[in-house]
Amino acid sequence: MAEVAPAAAPAKAPAKAPKKKAASKAKKDGPSLSKLIVAAVAESKERKGMSLAALKKVLAGKGVDVTKANKRINTAVTKLATAGTLSQTKGTGASGSFKLAKDTKASRTCLFRTCFSACGL
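Residue numbers (the UniProt record's numbering): 1 to 121.
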């Protein structure tokens, strides 16, 4: 019987070099997205507030890539609304109309009380 030679051991793959981290993108100069949103709503002359679609049109005019930043715009608008910077006149969440929030009545009364207590009245 013929002897079969044992198969040669497979050659080891050369060691891979460790992956380098991708160069971090330079941070864009200019105001943040939330500041742009507040400025756009402040510029609006609409009495009932500015719709989200109109807000995105204004942001596109200011150089923001709306298709890429759509999710960030929606979250920024909802955060501004919950923080009290914007008030939502229509809709829920990121949809609807928004305008700048006025000073709340509670903050006025607190200011009123502290002013009178400081004056001694």
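Think of the CB as a built atom: it goes at the ideal place given N, C-alpha and C, for glycine as much as any other residue.
Name the residue from the options whose alpha carbon lies nearest to the alpha carbon of residue i.
i	options	result
THR82	LYS99, GLU3 and GLY30	LYS99
ALA53	GLY30, ARG47 and VAL77	VAL77
Is residue j closer than 7 angstroms to residue i when the C-beta atoms are compared?
i	j	result
THR89	GLY49	yes
ALA40	VAL58	yes
LEU86	SER34	no
Who are the near neighbours of residue i in its chain, counting only those whose CB is closer than 6 angstroms to its CB and skipping five residues on each side?
i	result
ALA60	VAL66
CYS110	Unreliable placement is indicated for CYS110, whose pLDDT of 49 sits below 50; the coordinate value is still reported in the next sentence. Nothing meets the Cβ criterion.
Would you say residue i lies against chain C (beta-carbon separation less than 7 angstroms)?
i	result
LYS45	No chain C is present in this structure, which holds just one protein chain.
Could you compute how far the alpha carbon of residue i sits from the alpha carbon of residue j?
i	j	result
ASN74	GLY84	16 angstroms
SER95	LYS20	41 angstroms
ALA69	LYS56	10 angstroms
SER107	SER97	For SER107, the predicted model reports a pLDDT of 45, less than 50, meaning its position is unreliable and no value from the coordinates is stated.
Spatial neighbours of residue i within its chain, please: CB distance less than 8 angstroms, with the 5 preceding and 5 following residues excluded, ordered by chain position.
i	result
LYS62	LEU36 and ALA40
- Message: For a minimum of 4 consecutive residues, which ranges assigned as the alpha helix (DSSP H) are wholly contained in the UniProt domain "H15" (29-102)?
- Response: 33-43, 52-61 and 70-83
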